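Numbering (this note's numbering), first residue to last: 1 to 274.
Now the structure itself:
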């Protein structure tokens, strides 16, 4: 008999990506015992909340959640509040909190430059040999053409004792949801997600006071490079492939001419290879 958790993941992969959140909720209602495993394993579109203390929006995910409460990166407090003894283990302090504040300031500027709106959040927490974190972006559009872009960048940083370098591991997921509704086309929907991973050893500052800033800069560069790469991949995979399929179904040119052009292109490539 199949493992219930594996069966649930297999089912979610076969259902429409645009309905992942609703399908996940339905599965949890059927098997409450799988809630924690499913929430930590399935990427869904991010939700946002308003920080009551600062009045700024922040993004909610499994990494800043404790039950039904979520920690704001702006106030460093859970909303709604949790028990003080629990908060002591879940709220970062010291260098981790300083880096978290700096990363949030950096990604907020990046969000304005590349998203021109939306919401961003970053969360860090300490590990035995370094720290880990997540950087989040969300942008939605409404109207005749609706759209949603959710970026989830999970990172793990390993610091080697006595060395001025650190090992960074970044796993990034982009969830894209596009839709069009009009009298001309009725309705059209395109949704899915893309996950990529990268690792790198990067240098840190020479002085202890520069190490924290070096981590912030390295994280920012890795996230920016990954987002650019994945944005180009999404354009190629989603729209390039859709254009090819439509072209094969109904071409502007006679398909016989298209076929001859492709054969001529292949012939040129083969001759160049020889």
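Heads up, the beta-carbon is just placed ideally off N, CA and C, and yes, glycines get one too. Predicted model, so just to flag it, every value in this text is computed and none were measured.
Buried or exposed for residue 269, please, with buried defined as at least 16 other CB atoms from any protein chain shown within 10 angstroms of its CB.
exposed
Backbone secondary structure at residue 107 - three-state DSSP
helix
Would you kindly report the start and end of the unbroken beta strand (DSSP E) that includes residue 8?
It is not in any beta strand (DSSP E) - residue 8 instead sits in the alpha helix (DSSP H) that spans 4–14.
Sorted by chain position, which residues of the same chain lie with C-beta nearer than 8 Å to residue 224's C-beta, five sequence neighbours on each side aside?
110
If you reduce the DSSP assignment to three classes, tell me which class residue 174 lands in.
strand
For residue 204, count neighbouring Cβ atoms within 10 angstroms of its own Cβ and tell me buried if that reaches 16, exposed if not.
buried
Alpha carbon to alpha carbon, how far is residue 190 from residue 21?
16 Å
Can you give me the start and stop residues for the alpha helix (DSSP H) that residue 54 sits inside?
Unbroken run through residue 54: none, as it is neither H nor E.
Of the residues 155, 212, 98, 259, which one's Cα is nearest the Cα of residue 164?
212
Just list the alpha helix (DSSP H) runs in the region 15–93, keeping only unbroken ones of 4 residues or longer that don't cross its boundaries, in chain order.
20–30, 35–41, 84–90
According to DSSP, residues forming a beta bridge with residue 191:
177
Minimum length 4: unbroken alpha helix (DSSP H) runs contained in the region 201–247:
208–234
Under a Cβ-count criterion, where at least 16 other Cβ atoms within 10 Å of its own Cβ denotes burial, should residue 64 be classed as buried or exposed?
buried
Spatial neighbours of residue 47 within its chain, please: C-beta separation below 8 Å, excluding the five flanking residues on both sides.
59, 60
Alpha carbon to alpha carbon, how far is residue 166 from residue 35?
34 Å
How big is the Cα-Cα spacing for residue 198 and residue 152?
14 Å
If I follow the unbroken beta strand (DSSP E) through residue 123, where does it start and stop?
119–127
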